[in-house]
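Asks: Here the sequence shown is numbered in my numbering, starting from 51 and rising by one per residue.
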Amino acid sequence: MAKAPTISPKTKRVSVIVVTAPAGPRRRAGFSFDRAETTFTQAELGENAERLVEAWRADPMLKIDVREVELPGEAGDTENQ
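#1: Evaluate residue 121 with the Cβ neighbour count: other Cβ atoms within 10 Å of its Cβ, from every protein chain shown; 16 or more gives buried, anything less gives exposed.
#2: Over the uninterrupted alpha helix (DSSP H) stretch that includes residue 85, give me the two end residues.
#3: Going by DSSP, what residue range makes up the alpha helix (DSSP H) through residue 94?
#4: Would you mind giving the Cβ-Cβ distance between residue 82 and residue 118, rounded to the nearest angstrom? I have them listed as a contact below 8 angstroms.
#5: Where residue 61 and residue 111 are concerned, what is the direct C-alpha to C-alpha distance, given to the nearest angstrom?
#6: Over the uninterrupted beta strand (DSSP E) stretch that includes residue 121, give me the two end residues.
#7: Could you compute how far the alpha carbon of residue 128 sits from the alpha carbon of residue 63?
Below you can see the structure in the form of structure tokens.
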């Protein structure tokens, strides 16, 4: 009998930005989006995160959500635990 996968208690909660283009392919602020979810963390967007999100929100053909998710923590990372 196969063992159930174990989940490490070393996780951290982070906010992610999820962008979709429900009507079909769309480009905005140097990024391309489609019906599939494209997910970014603040770290992935860098120091321009606010400007990028503002540009995406200005496009009525894009859907932007902010969600809290749990990601694997790194060694020595004690934030949010």
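Glycine included, each C-beta is placed from N, C-alpha and C at the ideal position.
Replies: According to the data block:
#1: Within the sequence shown, residue 121 is the residue found at index 71, counting from 1. With fewer than 16 other Cβ atoms within 10 Å, it is exposed.
#2: Looking up residue 85 in the sequence shown gives position 35. No alpha helix (DSSP H) contains residue 85, which DSSP labels as neither H nor E.
#3: Walking along the sequence shown from the start, residue 94 turns up at place 44. Unbroken alpha helix (DSSP H) run through residue 94: 92 to 95.
#4: Working through the sequence shown from its first residue, we reach residue 82 at position 32. Working through the sequence shown from its first residue, we reach residue 118 at position 68. Rounded, the Cβ-Cβ distance is 26 angstroms, inconsistent with contact.
#5: Taking the sequence shown and counting its residues from 1, the one referred to as residue 61 is at position 11. Taking the sequence shown and counting its residues from 1, the one referred to as residue 111 is at position 61. So the two alpha carbons sit approximately 34 angstroms from each other.
#6: Taking the first residue of the sequence shown as position 1, residue 121 is located at position 71. Start and end: 113 to 122.
#7: Position 78 of the sequence shown, counted from the first residue, corresponds to residue 128. Position 13 of the sequence shown, counted from the first residue, corresponds to residue 63. Annotation note: pLDDT 47 at residue 128 (below 50); position unreliable, coordinate value reported separately. Near 11 angstroms, if we compare the C-alpha coordinates of residue 63 and residue 128.
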